[in-house]
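Colleague: Residue numbers (my numbering): 1 to 170.
Note that CB positions come from ideal geometry on N, CA and C, so glycine has one too.
Could you have a look at this structure, given as structure tokens, before my questions?
Shown next as structure tokens:
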């Protein structure tokens, strides 16, 4: 109602800059936008930023729970999935809808204890709260593991997080 946007999309710069310089410009723009609309305020804005080089994702520290960093690799995978299985469009629509499911990092301690468990136990704990676990992040080393085998044994401490898809109300 006040004229502020609800969402902002920052696309990667593709002309006359190297990929690294383009991604640096995108990250600086993202930081500037978050300075204008910080997470948690009354005019919170969802920001989606595209990076061109997947290697630069490590530089993109999340600055808000709704921020989504998309690389060309992810865009290409999305298009490939849709070309092979058009029925997935509804799933992707839900994932990319502001009111739909979202990818989030949830404290591991909300799902499992600190003892070693197969990743299948993490998946089951997430499913019990209406979410789908697909990876984890170890806080101490910063290691991110996506799509681990369900048989992989993991030890998640209190500062570690689980990557999952969930609806905001769950």
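1. Leaving out five residues on either side along the sequence, give the residues of the same chain with a beta carbon under 6 Å from the beta carbon of residue 167.
2. Identify, in the order they occur along the chain, each residue of the same chain with its Cβ nearer than 6 Å to the Cβ of residue 152, setting aside the five sequence neighbours on each side.
3. If I measure Cβ to Cβ from residue 49 and keep anything under 6 Å in the same chain, skipping five residues before and after, which residues do I get?
4. What does DSSP give as the partner residue(s) for residue 210 in the beta ladder?
5. For residue 132, which of 158, 150 and 6 has the nearest alpha-carbon?
6. For the structure I just gave you, are there three or more beta carbon pairs, one from the stretch 152 to 163 and one from the stretch 127 to 142, closer than 8 Å?
7. Suppose contacts are defined by Cβ-Cβ distances below 8 Å. Is residue 162 in contact with residue 108 by that definition?
8. Compare the C-alpha of residue 7 against each of 96, 148, 14 and 28 and name the closest.
9. Give the single residue among 130, 85, 91 and 53 whose Cα lies nearest to the Cα of residue 22.
Modeller: Here's the rundown:
1. Same-chain partners within the cutoff: 101.
2. 119
3. 10, 26, 30 and 69
4. In the structure as shown, the chain starts at 1 and stops at 170, and residue 210 therefore has no counterpart that could be examined.
5. Measuring from the Cα of residue 132, the nearest candidate turns out to be 150.
6. yes
7. yes
8. 96
9. 53
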